[in-house]
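In what follows, a structure is listed as structure tokens, so that the remarks can point back to it.
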Amino acid sequence: MASPMKIESRSMDDKQTTTKRKVFNDIWLENKMFQDWLCRSSNENKALCSFCEMEMACKKTTLITHAKSKKHIKKSLINKQIITELFDLVNLDATDCSALKLYGAFESSFEKRNVSCDVAFSRRQHNI
């Protein structure tokens, strides 16, 4: 795992400045406030919001501020509503094979986007 901070020194007009750049911390993925939307970015110094599709600095205060922003709250409500509506459309009856396959497809897609998906049963219980 990478070090939580990188120190970079620059010389500006004969003044020495030190910048601390933080890298993505995997522990944040377990935090309930972040776990539905936070993803790693290809840039180790950035975090990615899967709802808003934006990158931000890897600072816990930045993540908290983003989670409380109007844009993020609106996007998270829209994502949760879409998921709920999708599962309301499908009668998740254990005897309906097509509904279970559809659930499996959505679950796989949600996992790739790091979106949580709460349903009453899991694919493993139904041997899909």
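7 is the number of the first residue of the sequence shown in my numbering; add one for each residue after it. Positions of the beta carbon are idealized from the N, C-alpha and C atoms, including for glycine.
If you measure between the beta carbons of residue i and residue j, is that distance less than 8 Å?
{"i": "Phe57", "j": "Asn85", "result": "yes"}
{"i": "Thr68", "j": "Met62", "result": "yes"}
{"i": "Lys38", "j": "Cys64", "result": "no"}
State the start and end residues of the unbroken beta strand (DSSP E) segment that holds residue i.
{"i": "Leu54", "result": "Lys52 to Cys55"}
{"i": "Met60", "result": "Met60 to Ala63"}
Going along the chain, which residues of its own chain have a beta-carbon closer than 8 Å to the beta-carbon of residue i, five neighbours each way excluded?
{"i": "Lys77", "result": "Cys58"}
{"i": "Ser82", "result": "Asp42, Trp43 and Phe57"}
{"i": "Ile88", "result": "none"}
{"i": "Ile70", "result": "Met39"}
Ordered along the chain, which non-local residues of its own chain (more than five positions away) have a Cβ less than 6 Å from that of residue i?
{"i": "Lys52", "result": "Glu61"}
What are the start and end residues of the alpha helix (DSSP H) that includes residue i?
{"i": "Leu44", "result": "That residue, Leu44, is in no alpha helix (DSSP H); its beta strand (DSSP E) goes Leu44 to Arg46."}
Excluding five sequence neighbours on each side, which residues of the same chain lie with their C-beta closer than 7 Å to the C-beta of residue i?
{"i": "His72", "result": "Cys55, Met62 and His78"}
{"i": "Leu35", "result": "Gln41 and Leu44"}
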